[in-house]
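Comments concern the structure below.
Residue numbers (the numbering used here): 11 to 93.
Structure below.
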């Protein structure tokens, strides 16, 4: 990926992730999990990004992973995620 493509992917992921709010245990809503593949599909109308690039971005931004069923996925509403 070129530097410009990485920048575009970062902008797209930032825009995609900004709608997620920190988890509020006082609400009845469950924590939402998404795999890198699901995120890749969700942002595909904005940019083309590999699962590896998305995974690296999420790690660099401090997101944590957890199990959703039998799949390892990103915790989208973890209160320690950088929103």
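Where a beta carbon is used, it is the ideal one built from N, C-alpha and C, also for glycine.
For residue i, the three-state DSSP class (helix, strand or coil)
i	result
residue 53	coil
residue 72	coil
residue 46	helix
residue 77	strand
Given residue i as reference, the closest of the options once Cα atoms are compared
i	options	result
residue 87	79, 72, 80, 12	72
residue 14	57, 70, 74	57
residue 30	41, 67, 81, 21	41
Outcome for residue i when other beta-carbon atoms lying within 10 angstroms are tallied against a minimum of 16
i	result
residue 25	exposed
residue 60	exposed
residue 50	buried
residue 43	buried
residue 11	exposed
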